[in-house]
Amino acid sequence: MTKVPVQFTLNGREQNEFVDSGSTLLAALRDKLGLYGTKAGCHQGTCGACTVIIDGSPQLSCLTLAERCAGKSVTTLEGLTGNGALHPLQQAFMEGFAAQCGFCTPGMILAAKSLLDRNPSPSRDDVIDAISGNICRCTGYDPIINAILTAAEQLRGARKSA
Amino acid sequence: MTKKRGRGMASVNYPTGMNLGGDPSQALIHATTTGSFIVTLSSVDLGQGLKTVMAQICAETLGVSTENVIIDTADTDTGPHCMGTFASRGTHRIGNAIIMAAKEAKSVLLEVAAEELEVDAGDLETDGAGNIRVKGSPQKSIAILNVALAAHFKHGRTISGRGIFLQPRSYPEPETGKMTPATCYAHACTVAEVEVDTETGEVQVLSLKSAYEVGRALNPRMVEQQIIGGAWMGLSHALYETTEPYYPNRAHGPTDFNQYLMPGPGDLPEFSNVIIERPAGDGPFGAKGVGEMTANSPIPAIANAIFDAVGVRVDSLPITPEKVLRGIQALAHDPEKWTPVFRKDHAQTEDAARH
Ligand code: FES
Ligand code: FES
């Protein structure tokens, strides 16, 4: 298989990799870089578990070719805990009991982060819309929606006091 | 187009555990040299919160904080035997086994502490914050860390305990069929409110309100988490999930998550839950199993609410718009057939009513 060099920003740091041509970003993250925060659910774009943020927008890493990420900025779940502390979204998920098996959680959190980056004051419907491509089989979604709204509120508060 | 509202209820009595050839689970506990307690299980946490609740049970029995308890699950080759986490049995069976193991470990712990403090073990208690003290004179105390070190390096003792809970095999009495397959029973009731679109047959569940009697909610937030997750699953079974939705040909069935329908975050009803506690005599701290049952009562409650709204009794799942619409049409076409059902006479079964 042809190897192609890819230069991109991963969680704020410059990353240089040789990836198999035609392989997915999901494979690069998990199999090459050992970043298991990104989950592989269906490998066909229907579950949302593999969601990452590419240049600000939520993308399915199982449908994204690794080589297409050249020059782009990719954020995975690991990028949220840069300074060792939990991100407000992670904190809110934990405190709001918004994870059970946890398989959907990384994708949910990144879909939510991308929403809150664009819209710091989302309505309940905005949140529902943002996570409608992410399947959860455990929680009934309600705790997830509430956790995202709680995190949004906290982030607004933090911004105000900053 | 008319939207009709209806309300329905259903209740469930749910056994904790089940009984094929007897229903046992084991737990082993030992203290490390640092005074942490390792609970070895082969039971599996699949997201229901087993590890958290087992740590609570162990910590409460030992009188230490949950941070000092490590729940080590997952290896069924090497761990003490467990029948498994199914049949809503985890909290009850494994919890009881842990209580038994923790009591044994605690007695060794207190014996070693007694030697170190030169007092009688019967006069000692844990303070819940990592120390063992003499009852009534708390200044005379020793850190559990030091007890663990002394046990290992001075007294040559293992601070450990073995536990098992067994619900023995129950054979039915030939005359009556009576048997005792389970332990305590949990109870719940759900009221569903729906809105049915009489033109499209679509059903929207507006609210699912439930009351659960769970013995004791060892972790109330997790009990609520189970109830909401389960209500969603019930809603999903009631109205959406099937591998063979409309077509007689299997090839037309769903092949992925795009076609296999489930309620999404936009299809949620209002959930509201009440937890009632009536401790079970045989449960760990009174707890019963609250797992699977949470998906049960929402289903007949929704079916009853649809009946209440449009008079259509659908007796196969899921209750798709197509089935509702066919029912509405049959009703319009041949009201006679449906009249007895309309009477909503709960004493009559649908079959009896048809005759
Ligand atoms: S793994 Fe990418 S959407 Fe399911
Ligand atoms: S927590 Fe299990 S799939 Fe969402």
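Chains as they are written, first to last, in our numbering: chain D, 7 to 168; chain L, 775 to 1129.
Every residue gets a Cβ at the ideal spot worked out from N, C-alpha and C, and that includes glycine.
_Buried or exposed (CB count within 10 angstroms, at least 16 for buried), Pro948 of chain L_ = exposed
*Secondary structure at Ser944 of chain L, three-state DSSP: helix, strand or coil?*
coil
*asked:* Rounded to the nearest angstrom, what separates Thr1029 of chain L and Gly28 of chain D at their Cα positions?
replied: 25 Å
*Neighbourhood of Gly1065 of chain L by C-beta distance below 7 Å, restricted to the same chain and skipping five residues each side*: Gln822, Ser862 and Gln1000
*Near ligand 2: Thr81 of chain D beta-carbon under 7 Å from a heavy atom*: no
*Which residues in the same chain as Asn22 of chain D place their Cβ atom closer than 8 Å to its Cβ, once the five residues preceding and following it in sequence are excluded?*
Pro11, Val12 and Gln13
*Along the alpha helix (DSSP H) that carries Leu982 of chain L, what are the first and last residues, could you check?*
Careful: Leu982 of chain L lies outside any alpha helix (DSSP H), inside the beta strand (DSSP E) at Val977 to Glu987.
*Proximal residues, the segment 127–159 of chain D versus chain L, C-beta separation under 7 Å*: Ile134, Ile137, Ser138, Ile141, Cys144, Thr145, Gly146, Tyr147, Asp148, Pro149 and Ile151
*When DSSP labels each residue in this structure, what does Glu998 of chain L get in the three-state scheme?*
helix
*asked:* Using a Cβ-Cβ cutoff of less than 7 Å, which residues in the same chain neighbour Asn787 of chain L once the five nearest sequence positions on both sides are dropped?
replied: Tyr959 and His961
*asked:* Could you tell me which whole alpha helix (DSSP H) segments of length 4 or greater appear in the segment 840–876 of chain L?
replied: none
*Quick one: what's got a C-beta closer than 7 Å to His93 of chain D's C-beta in the same chain, skipping five residues either side?*
Leu86 and Thr87
*For Asn17 of chain D, which three-state DSSP category applies?*
coil
*asked:* Can you look up Ala962 of chain L in the DSSP assignment and give me helix, strand or coil?
replied: strand
_Partners in chain A for Asp849 of chain L, counting only beta-carbon separations shorter than 8 Å_ = The structure shown contains no chain A; its protein chains are D and L.
*Quick one: which chain L residues come within Cβ less than 7 Å of Cys56 of chain D?*
Those within 7 Å of Cys56 of chain D in chain L number zero; the least Cβ separation is about 13 Å.
*Would a check of beta-carbon distances place Met1135 of chain L closer than 8 Å to chain D?*
The displayed coordinates of chain L run from 775 to 1129. Any statement about residue 1135 of chain L would go beyond what the structure contains.
*Does DSSP classify Phe99 of chain D as helix, strand or coil?*
helix
*Straight-line gap, Thr835 of chain L to Lys880 of chain L (C-alpha atoms, nearest Å)*: 8 Å
*Taking Cys110 of chain D and Ile154 of chain D to be in contact with their CB atoms under 8 Å, please state how far apart those CB atoms are, rounded to whole angstroms.*
Their Cβ separation, rounded to whole angstroms, is 13 Å, which puts Cys110 of chain D and Ile154 of chain D out of contact at 8 Å.
*Can you name the residues that DSSP bridges to Phe109 of chain D?*
The partner list for Phe109 of chain D (beta bridge, DSSP) is empty, contrary to what the question assumes.
*For Ile141 of chain D, three-class secondary structure by DSSP*: coil
*Per DSSP, what kind of secondary structure is Gly1040 of chain L in: helix, strand or coil?*
helix
*Taking only heavy atoms of ligand 1 into account, decide whether any of them is closer than 7 Å to the Cβ of Thr70 of chain D.*
no
_Between the CA atoms of Val1048 of chain L and Asp1119 of chain L - distance to the nearest angstrom_ = Caution applies to Asp1119 of chain L, whose pLDDT of 41 falls short of 50 and renders its modelled position unreliable; the model cannot decide the point.
*Consider the Cβ of Gly169 of chain D: report whether some Cβ of chain L lies at a distance smaller than 8 Å.*
Residue 169 of chain D cannot be examined here, being either before or after the span of chain D that is shown, 7 to 168.
_Gln106 of chain D: CB within 7 Å of a non-hydrogen atom of ligand 2_ = yes
*Residue-level contact to chain L via CB, Cys48 of chain D, 8 Å cutoff*: yes
*Straight-line Cα distance separating Asn1032 of chain L from Ala1077 of chain L*: 25 Å
*Proximal chain D residues relative to Ala1005 of chain L, where beta-carbon distance stays under 7 Å*: Gly146
_Coarse secondary structure for Glu969 of chain L, derived from DSSP in three states_ = strand
_Judging by CA-CA distance, which residue of L:Phe860, L:Val838 and L:Ile868 is the nearest neighbour of Asp846 of chain L?_
L:Ile868
*Contact under 8 Å by Cβ, Leu31 of chain D with Cys75 of chain D*: yes
_Where Asp1056 of chain L falls: helix, strand or coil (DSSP)_ = coil
*Cα-Cα, which of D:Thr52, D:Phe24 and D:Ser120 is closest to Gly1038 of chain L?*
D:Thr52
_7 Å Cβ shell around Pro1072 of chain L - same chain, five flanking residues per side excluded_ = Thr964, Ala966, Leu982, Ala1005, Gly1008, Leu1009 and Ala1012
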